[in-house]
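To start, the structure itself, in structure tokens.
In this note's numbering, the protein residues as written are -6 to 156.
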């Protein structure tokens, strides 16, 4: 096949890919960027812990998501919506105390072992990267706020003592 004969095939393939890209923009999933209301938050041990949490984790684990411009473009919008839906379902500080799974000690473990925040999130959100000092402060604050496996946080012990 000569170069002249390949040109219509390449044009058809590129046109088909562009057409498919435009067509998937009509799929509505991933475009509902409303944030549910904040019901309650945990008793943070300090304002710094809260600030570090929202900087590194809040887009997926709260009802205060900052939706980036590219969250409107399929198929990226589908991936972002899925991540936010899963994050809110597993651990949501904006619905603290509601009867469902909100295991705070797991937050400490996930940040400590490096599985949270995910590497791809850090690539797209460099502001979520914590320095070594911020990470130590954050882990200590999370442990004080949420407790650790088999234990409880300072805020939980203080709250129980006041009842």
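We treat Cβ as the ideally placed atom computed from N, Cα and C, and that holds for glycine.
Would the beta-carbon of residue i fall within 9 Å of that of residue j?
i: residue 190; j: residue 59; result: This structure gives no information on residue 190, because the portion of the chain shown stretches from -6 to 156.
i: residue 91; j: residue 32; result: yes
i: residue 42; j: residue 97; result: no
i: residue 52; j: residue 134; result: no
i: residue 76; j: residue 22; result: no
Based on the DSSP output, what are the partners of residue i in its beta bridges?
i: residue 33; result: 88
Which of the three DSSP states is assigned to residue i in this structure?
i: residue 23; result: coil
i: residue 28; result: coil
i: residue 141; result: coil
i: residue 130; result: helix
i: residue 18; result: coil
Please work out which residues of its chain come closer than 6 Å, Cβ to Cβ, to residue i, disregarding the five sequence neighbours upstream and downstream, and give them in chain order.
i: residue 136; result: 101
i: residue 106; result: none
For residue i, which residues from the same chain have a beta carbon less than 7 Å from its beta carbon, with the 5 sequence-adjacent residues on both sides left out?
i: residue 24; result: 65, 70
i: residue 110; result: 49, 50, 121
i: residue 141; result: 98, 101
Identify, in the order they occur along the chain, each residue of the same chain with its Cβ nearer than 8 Å to the Cβ of residue i, setting aside the five sequence neighbours on each side.
i: residue 131; result: 42, 45, 46, 49, 104, 123
* Asked: Taking only runs of the alpha helix (DSSP H) that begin and end inside the region 47 to 123, which ones reach a length of at least 4 residues, in chain order?
  -> Complete alpha helix (DSSP H) runs here, min 4: 69 to 83, 97 to 105, 112 to 117.
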